[in-house]
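What follows is the structure, given as structure tokens:
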């Protein structure tokens with residue numbers, strides 16, 4: 008079996024979150040989706056499980072952090088700088104917040120951070136590994 012990652016996120020409004028992630032380019036996998044969870048596929052290896060708060064609580068008793076917290080930042084690679092900008096615009100148009108941090112432009116790497124409707128942080132990023140200067144660090 009190919010190694011994959013399933014990122015589970017608690018969401019307040021499952022339908023709104025599905026619409027948000029669909030607008031970013033994810034596709035819904037009905038095999039792992041129901042009225043309490045939706046499996047949103049980014050690639051063969053990356054899946055995001057959107058879970059209602061009730062469903063989330065069946066996995067852990069730890070509190071759901073407020074939308075203003077920063078529990079983790081996840082980054083998604085895009086095919087171009089334009090695709091990064093497109094994802095950023097889609098986030099803003101579909102209930103998310105764009106540019107929650109200043110855009111990063113290092114020439115060989117470009118990124119913009121967004122937050123989904125529940126405040127989960129995603130970085131849309133593009134990188135040209137061939138153009139990375141020797142010893143360069145992205146931060």
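In the working numbering, the protein residues as written are 8 to 146. Here a beta-carbon is modelled for each residue, glycine too, at the ideal position from N, C-alpha and C.
Practice item. Would you mind working out which of 42, 27, 73 sits nearest residue 96, comparing C-alpha positions? Key: 27
Check your understanding: When burial is assigned at 16 or more other CB atoms within 10 Å of the CB, is residue 69 buried or exposed?
Key -> exposed
Review point. How many whole angstroms separate the CB atoms of residue 83 and residue 45, which I take to be in contact at a CB cut-off of 8 Å?
Key: About 17 Å; that fails the 8 Å criterion.
Review point. Taking residue 34 as the reference, which of 55, 43, 42 has the closest Cα?
Key: 55
Check your understanding: Can the beta-carbon of residue 131 be found closer than 8 Å to that of residue 114?
Key -> no
Check your understanding: If you count every other CB in all the chains shown that lies within 10 Å of the CB of residue 124, and 16 or more means buried, which is it?
Key -> buried
Exercise for review: Could you tell me the distance, in whole angstroms, from the CA atom of residue 18 to the CA atom of residue 40?
Suggested key: 14 Å
Exercise for review: With a threshold of 16 other CB atoms inside 10 Å of the CB of residue 122, please say whether the residue is buried or exposed.
Suggested key: buried
Exercise for review: Pick out whichever of 128, 116, 120 has its Cα sitting closest to the Cα of residue 137.
Suggested key: 116
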